[in-house]
Structure formats: C-alpha cells, structure tokens
Amino acid sequence: MDDGAKRETGTGSDASAGPATPGERMRPRASWGLVPAALLAASAVVLFGLREPVPGYALLAAGLGLAFVLDRPLFKDLLLLAIGLLIVSTISVEADISYPNMVLMGTVLTLAVLVPYLLSRYVFGDHAIRFPIRTGQRWTTVEKWYLPLVLLLGYLILPTYFIRSGAYLNWPTVTAPDEIARLFVGVGFVGIWDELFFICTAFALLRRHFPDWQANLLQAVIFTSFLWELGYQSWGPLMTFPFALLQGYTFKLTNSLTYVVVVHLLFDAVVFLVIVHAHTREWLPIFLY
95 MDDGAKRETG
105 TGSDASAGPA
115 TPGERMRPRA
125 SWGLVPAALL
135 AASAVVLFGL
145 REPVPGYALL
155 AAGLGLAFVL
165 DRPLFKDLLL
175 LAIGLLIVST
185 ISVEADISYP
195 NMVLMGTVLT
205 LAVLVPYLLS
215 RYVFGDHAIR
225 FPIRTGQRWT
235 TVEKWYLPLV
245 LLLGYLILPT
255 YFIRSGAYLN
265 WPTVTAPDEI
275 ARLFVGVGFV
285 GIWDELFFIC
295 TAFALLRRHF
305 PDWQANLLQA
315 VIFTSFLWEL
325 GYQSWGPLMT
335 FPFALLQGYT
345 FKLTNSLTYV
355 VVVHLLFDAV
365 VFLVIVHAHT
375 REWLPIFLY
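Pasting the structure below:
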C-alpha cells in the first residue's frame, strides 16, 4: 500500500503521517509533555537565534531530561530531534557560498536529516520519519492554484522585506556566472532541507505526541530560529514564522513532501531573484518596494 493509500485509510505503522486519526484527535490539548518539547524549541532559539551554545545546550539537555522522566516515548522522539539540532549547531549556517563552506554545510545538513532517520528506522524500529514523495494522490484544483499565489505573494512581500530591512546584505553579492549558480543551488538546497528536517522530521515527530496545531507551533519556532541565523533577520520572523506554519499545515492536508517542496522552491526562486537584484539594482528591475 503506498503512502497515498495510507493517507486515505489511516493505516500504516505511523498514523501521524496522514490526517488525524481518532486517537490523534483524543490527545489532550494540554499535557506536561509540552514542557520538555517547549524547552527543546527554546534551545533552537538560543542556539540559532541568539547564537549562545552553552545555554542552548543546557535548555536542550533539560528538555531531554524532563522528557525522560515524564514520558519515555516522547523522550525517544525528542532525542531524535535533538540529535538533528546538535548536528546543525556544529557549524555556522550564515549565508556563505564559498565552495568549501557549501560542501561543509551540505554534509552537515544532510547528516542532520539522515542520522535521526536511520536511528528511528533501524535502532528504534519504527517509521516515525517519512519522506512521502509519491503519495498516489493528484493535486486538487485548490492546490494547483495555490502555487501561482505563492509566487505572487513572494513578489509582493520579499522585495520590500529584503531591501528595506537591509536583510539582503546577509547574502553575498554575486555577479560572476559561477557565483550566481552557487547562490541559486544554495538557496534551493536549503529550501529542500527545510522541508526534510522541519516538516518531515520535527513536525512528524512532534505530532505523534501533541495535537497538530501544537506540533506545528513548536516546529515553526525551530524553523524560524534556523532561518534567523541563515540571514532572515530584522523583521524576518514576521514573515518566516507564518510561512513555517503554512508549510506545516499544508503538509498536514496533503501529506506530500513533493508538494511542500514545490511551494518552498517557488518562494525561494523569488528570494534568489530579489537578492541578486538588491545587490545589483540594474539587474532584474522588475520588483516593487
């Protein structure tokens, strides 16, 4: 049975991969488990937003310790998420498109997704983390129309944000063909990774223990913290936090990694064009801001 069929029937080893099952809907709206999960999310704010490793690791350890005492299944899933965050925290994720840094960052981000997945699958013996590329479901009319809407919103919002806030300065100026290509690849790679880690890993793990809206809020905090260090600063969280929530909600509705990646890459295509234009204003003079 493919993932799409599981989404329809609610079967499979992990019911959280699709819409809420009856058991999922019965999860309490408030539980003590939220405390360690919130500590883990707060650790991401400190690690990536404030760039303070010692208090960040302390919050992460406190969250895991409390989860171990309160709820062992929650502890296992938070441990997987914590391992991913620890791996990411070993490097700076500031925008740097030099060849050595792209190799380093690509390797570290890949490990941050791969290690929790392998531990979940082969050590814990479950399928908590899935990457549903082929769901067997056709995109609905609403889903198809949402894609050009994403482009339009990106066109209307991103130039004002990047240029008026000065956030574009967090990305390097690119003028040579290979620099432009590296920026394009880097923006796209990080966009795909965002969905693999924050949605298919963090959101998927958290929604096994909390109602979807709570799991979505927690993953959005982590998502936004990472993007802050990446360069979406100033009033960027006012844009990135709702975007993270929308991506989580979209994944809940579609259960399709392919769809949320397409949405993200369309938005990131506008990000790429705006950054190029912001540094060299005579290029791509197509934006309003």
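For the sequence shown, my numbering assigns the number 95 to the initial residue and increments by one for each residue that follows.
C-beta: ideal position from N, C-alpha, C; glycine also.
Quick caveat: nothing in here was measured; it's all calculated off a predicted structure.
If you reduce the DSSP assignment to three classes, tell me which class residue i lands in.
i	result
Phe345	helix
Thr352	helix
Pro266	coil
Ile191	coil
Leu213	helix
Pro331	helix
Ile274	helix
Taking the alpha helix (DSSP H) that residue i belongs to, which residues open and close that run?
i	result
Val139	Element bounds for Val139: n/a, residue is neither H nor E.
Trp322	Asp306 to Leu324
Arg224	Premise fails: Arg224 is in no alpha helix (DSSP H) and is neither H nor E.
Ile293	Segment: none, Ile293 is in no alpha helix (DSSP H) and carries neither H nor E.
Glu237	Thr235 to Pro253
Ile177	Arg166 to Val182
Mind checking whether residue i and residue j have CB atoms under 8 angstroms apart?
i	j	result
Leu290	Val207	yes
Thr352	Thr334	no
Ala314	Ala338	yes
Ala161	Pro130	yes
Thr267	Tyr383	no
Leu311	Asp171	no
Leu174	Leu213	yes
Ala138	Phe345	no
Please determine, among the options, the residue with the shortest C-alpha to C-alpha distance to residue i.
i	options	result
Val385	Asp165, Asp220 and Leu180	Because the chain is modelled from 95 through 383, residue 385 falls outside the range shown and cannot be assessed.
Leu246	Thr374, Phe304 and Phe361	Phe361
Tyr262	His371, Gln313, Phe162 and Phe218	His371
Leu324	Lys170, Val187 and Val148	Val187
Arg276	Trp329, Gly342, Asn195 and Leu168	Asn195
From residue i to residue j, what distance separates their C-alpha atoms?
i	j	result
Pro331	Thr235	30 angstroms
Ala363	Lys238	17 angstroms
Tyr216	Ile286	24 angstroms
Ile369	Phe256	7 angstroms
Val365	Leu252	7 angstroms
Ser125	Leu133	14 angstroms
Tyr404	Phe381	In the structure displayed, the chain extends from 95 to 383; residue 404 sits before or after that span and is not available.
Thr316	Ala135	Residue 316 is actually Ile in this sequence, not Thr. When rounded, the distance between both Cα atoms is 6 angstroms.
Val148	Val182	15 angstroms
If you measure from the beta carbon of residue i to each beta carbon in chain D, is any gap under 8 angstroms?
i	result
Thr267	Absent from the structure: chain D. Only one protein chain is present.
Please confirm whether any heavy atom of the ligand NAP lies closer than 7 angstroms to the CB of residue i.
i	result
Pro210	The ligand content of the structure shown is nil, which means the ligand NAP is not present either.
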